[in-house]
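Taking it in order: structure first as structure tokens, then the write-up.
In my numbering, the protein residues as written are 4 to 130.
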């Protein structure tokens with residue numbers, strides 16, 4: 004489950020793509036649910052901290068929309084999902100977020116790029 008939680012801007016997040024895949028939903032439906040949450044003008048200032056717009060390149064080369072979301076964003080989105088499968092994934096996501104946040108607090112960080120991983124490996128080899 005930890006592969007569903009990634010580091011983005013030094014924060015543990017997941018994406019709308021990963022949520023859609025994990026919950027067995029169409030990505031367009033997950034995007035619609037996020038946009039519906041974001042459409043509340045009175046809560047927009049808070050919600051924009053939970054959901055960060057992004058994009059990805061599909062296998063056909065087309066750039067498509069997606070969202071990054073922190074734990075609060077995921078929780079807010081997922082409470083609207085129902086069913087046995089939804090409950091199972093909610094529990095797994097919560098555990099994965101907790102694990103990643105523990106790693107962040109203890110100073111253990113996963114390199115964000117291949118170049119960072121090489122630098123870390125070289126640094127440790129020198130020691």
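Beta carbons: idealized from backbone N, C-alpha and C, even for Gly.
Computed from a predicted structure; not experimentally measured.
Quiz item: Is the distance from the Cβ of residue 53 to the Cβ of residue 18 below 8 Å?
Solution: no
Quiz item: When the Cα of residue 104 is compared with those of 43, 35 and 74, which residue comes out closest?
Solution: 74
Quiz item: Cα separation between residue 26 and residue 122?
Solution: 36 Å
Self-check item: contact_flag[the region 85-94, the region 30-47] where n(CB pairs < 8 Å) is 3 or more
Solution: no
Quiz item: Expressed to the nearest angstrom, what Euclidean distance is found between the alpha-carbon atoms of residue 106 and residue 58?
Solution: 27 Å
Quiz item: For residue 15, which residues of its own chain have a beta-carbon under 8 Å away from its beta-carbon, when the five flanking residues on both sides are left out?
Solution: 8, 9, 73, 74, 100, 103, 104 and 107
Self-check item: Under the three-state DSSP convention, the category residue 16 falls into
Solution: strand
Quiz prompt | Candidates 84, 125 and 98: closest to residue 23 by CA position | solution = 84
Exercise. Tell me where the beta strand (DSSP E) around residue 58 begins and ends.
Key: 54-60
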